[in-house]
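Q: As they're listed, the protein sequences go chains R and W.
Position 158 (the first sequence) corresponds to 158 in full-length UniProt numbering; numbering is contiguous.
Position 145 (the second sequence) corresponds to 145 in full-length UniProt numbering; numbering is contiguous.
One structure coming up, written as C-alpha cells, with questions to follow.
Number of protein chains: 2
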Amino acid sequence: MSTQAKPILYSYWRSTASWRVRNVLSLKNVDYEYRGIDLFKEEHKNDSYKLLNPMGRVPTLIIDGVALAESVAIMEYLDETYKYRPLLPSDPLKRASTRQLVEIINSAMQPMQNIAVLDKIGNEYKQSRKEWASFWLHKGLAAYEQILKQTAGKYSVGDQITLADACIVPQVAACSRFDISLERYLLIQRVVGNLNELEEFKRARPEAQPDADKI
Amino acid sequence: MSTQAKPILYSYWRSTASWRVRNVLSLKNVDYEYRGIDLFKEEHKNDSYKLLNPMGRVPTLIIDGVALAESVAIMEYLDETYKYRPLLPSDPLKRASTRQLVEIINSAMQPMQNIAVLDKIGNEYKQSRKEWASFWLHKGLAAYEQILKQTAGKYSVGDQITLADACIVPQVAACSRFDISLERYLLIQRVVGNLNELEEFKRARPEAQPDADKI
C-alpha cells in the first residue's frame, strides 16, 4: 500500500454512504483529511466534483493517486489494502453473508431514500416522502433481521466487526429520520447498540464531523 | 470448495440480477440446475422461497450447503471459490474500478427499475414507468460511460472479463425495454458488442433459459 499523501474523503455529514466509509476508515485507523460537500448547496453537482465522482454523489475517497467512488467499492478497497482489522470474515460463506447484508442496505434500502429519489417522489409526484421511504426501509429491515437470526453474535456476523456493521449503523440512523420504529427488529437493535458503544463508531458519527450543523 | 451436490440457481429468465449470476456461472464453467421462479405468478413471495431469500427476490444460489442471496454477494463468492478465470483484476485499484462499475448498476440503476418499484410508481402513483426508469437509467449509463474512458479495453476494465461485464450486458438489455437509446454511449456499445459475441454470454441470455416465454 502506498502512503505518499494523506487520503482525502469528500463526505457529507448526514450522508449514510459517507458514514459507512468513515466507519471503515476509523476502524482501520486511517488518518485522512475531511472535505465537506454540501448536498443542499448542490456542491456534488459541480463539474469539478463530477470529474472525481461521475455519479455526482458522496463519498469520494482520494487515495493512492486516484479518486475512488461508490461506498462498497471504497470499503472493499480499504479492506484489501489495509490489513489491520479485517472487516470480512475469512470463511467464504461468512463473507457471502456479510456481503448479502451489505447489499440489502446498499441496493435495497439506501437507494430508495437518497435525496434525489425523495425529491422526485415528493416534489414532482407530490407523494409522501415518509410513506415511500418507510415502505422500502421496513422490507430491508425485516430481511436484515431474518438473516441476523442465522449470523449474529455480538455484531452482525458473529463477534467480528464487518462491513455489514459499517453499513447498518448509518442505515438505522436514517430510519429514525423517517420515524421508523425498530420495535420488531430486536437483533438489529442489539447489534447496533453494541456498535454504538465503540469509540471507532463514535468518531465517525455525523455530529462529530467538521461540516455538521451546529444548532 | 466442496462440490457434494450440483448448485441450484433460482432465477427468472428476464431478471437482470439473475442474468448477472448466470453470466458468472457460465464464465466459470459451473454446471448447475436451473429452477425458474415466475415473478408474474409471485412465486418469489412464497413463504418457502423467502426462507431461502429473505428479500423475496431472485436470484438465489444453493451451493455448498447454503442459500446465497443478493447477486453481488453471490458473484463475489463464486469468484473467490472458483479459481478458474478470475473476474476481478489482481491490481487493487482496478478491482476498485470494477466494483465501482458494478455498484453503479447494482445500486443506482437496477433498483430503480425492478418490478416492485415500477409497480408502485405506475399503479399506486399513476406516473409513467418509462419516464421514471429512463431518468435514472440515463444517469447510470452516463456515469458508466465516463468511467469507461479511463478503464475500458476490449471489455469494461481492460481486456479481462470482469464482474462489471457480467452486470452491464443485462443492464443494457433492460435499458432497451424502456426504449433508451445508447447513441450517446459509444464505449458501452463497443464493450457490450464484444461481450455479446462470446459463447459464455450467449448461453446465459434470457431467451436461452428453460423458463423463457416461447412466443
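Think of the CB as a built atom: it goes at the ideal place given N, C-alpha and C, for glycine as much as any other residue.
W:Thr81 touches chain R at which residues, Cβ-Cβ below 8 Å?
A: Neighbours of W:Thr81 on chain R, chain order: Pro92.
Q: Taking CB distances under 8 Å as the criterion, tell me whether R:Arg99 reaches chain W.
A: Cβ-Cβ to chain W under 8 Å: yes for R:Arg99.
Q: What residues from chain R crowd round W:Val72, counting only those whose CB sits closer than 7 Å?
A: Within 7 Å Cβ-Cβ: Arg99, Glu103.
Q: For W:Ala69, write down the residues that DSSP places opposite it in a beta bridge.
A: Answer is W:Thr60, bridged to W:Ala69.
Q: Which residues of chain W have a Cβ atom closer than 8 Å to the Cβ of R:Gln127, listed in chain order?
A: Simply Tyr125.
Q: Cβ of W:Thr143 less than 8 Å from any chain R Cβ?
A: Per the sequence shown, the amino acid found at residue 143 of chain W is Ala instead of Thr. Answer yes: the Cβ-Cβ gap between W:Ala143 and chain R drops below 8 Å somewhere.
Q: Please check the pair W:Val58 and W:Ser18, which I expect to be a contact at CB under 8 Å, by giving their CB distance rounded to whole angstroms.
A: With a Cβ gap of about 5 Å, W:Val58 and W:Ser18 count as contacting.
Q: Mapping the DSSP letters down to three states, classify W:Gly153 as helix, strand or coil.
A: Coil.
Q: Should W:Tyr185 go down as buried or exposed, given a rule of 16 or more other Cβ atoms within 10 Å for buried?
A: By the 10 Å Cβ count, W:Tyr185 comes out buried.
Q: For chain R, find out if any of its Cβ atoms is closer than 8 Å to the Cβ of W:Tyr49; answer yes or no.
A: For W:Tyr49, the answer is no, since every Cβ of chain R falls outside 8 Å of its Cβ.
Q: Please return the same chain residues whose Cβ sits closer than 6 Å to the Cβ of W:Gln189, not counting the five positions on each side in sequence.
A: The answer, listed in chain order, is Leu182.
Q: For the 8 Å Cβ check, are there 3 or more pairs between the stretch 164 to 176 of chain W and the stretch 186 to 206 of chain W?
A: Touching, per the Cβ criterion.
Q: Compare the Cα-Cα distances from R:Val30 to each of R:Asp47, R:Glu103, R:Pro7, R:Ser11 and report the closest residue.
A: For the residues R:Asp47, R:Glu103, R:Pro7, R:Ser11, the minimum Cα distance to R:Val30 belongs to R:Pro7.
Q: Does W:Ser11 come within less than 8 Å of chain R when only Cβ atoms are used?
A: No, because no Cβ of chain R sits closer than 8 Å to the Cβ of W:Ser11.
Q: Please report the straight-line C-alpha distance between R:Leu148 and W:Leu51, rounded to a whole angstrom.
A: So the alpha carbons of these two residues sit roughly 13 Å apart.
Q: Residues of chain R with CB under 9 Å from W:Ile147, in chain order?
A: Near W:Ile147 (Cβ distances below 9 Å), the residues of chain R are Pro54, Ala69.
Q: Name the two residues that bound the continuous beta strand (DSSP E) containing R:Arg35.
A: R:Arg35 -> beta strand (DSSP E) spans 33 to 36.
Q: At 4 residues or longer, and completely inside the UniProt domain "GST C-terminal" (91 to 214) of chain R: list those alpha helix (DSSP H) runs for me, N to C.
A: Listed in chain order, the complete alpha helix (DSSP H) runs (minimum 4 residues) inside the UniProt domain "GST C-terminal" (91 to 214) of chain R are 92 to 103, 115 to 119, 129 to 151, 163 to 177, 186 to 196, 199 to 202.
Q: By DSSP, does R:Tyr49 sit in helix, in strand, or in coil?
A: Note: R:Tyr49 maps to helix in three-state DSSP.
Q: Is R:Tyr77 helix, strand or coil when you go by DSSP?
A: Correct three-state label for R:Tyr77: helix.
Q: Quick one: using the 10 Å Cβ neighbour count with 16 as the cut-off for buried, is R:Tyr84 buried or exposed?
A: Per the 10 Å Cβ criterion, exposed.
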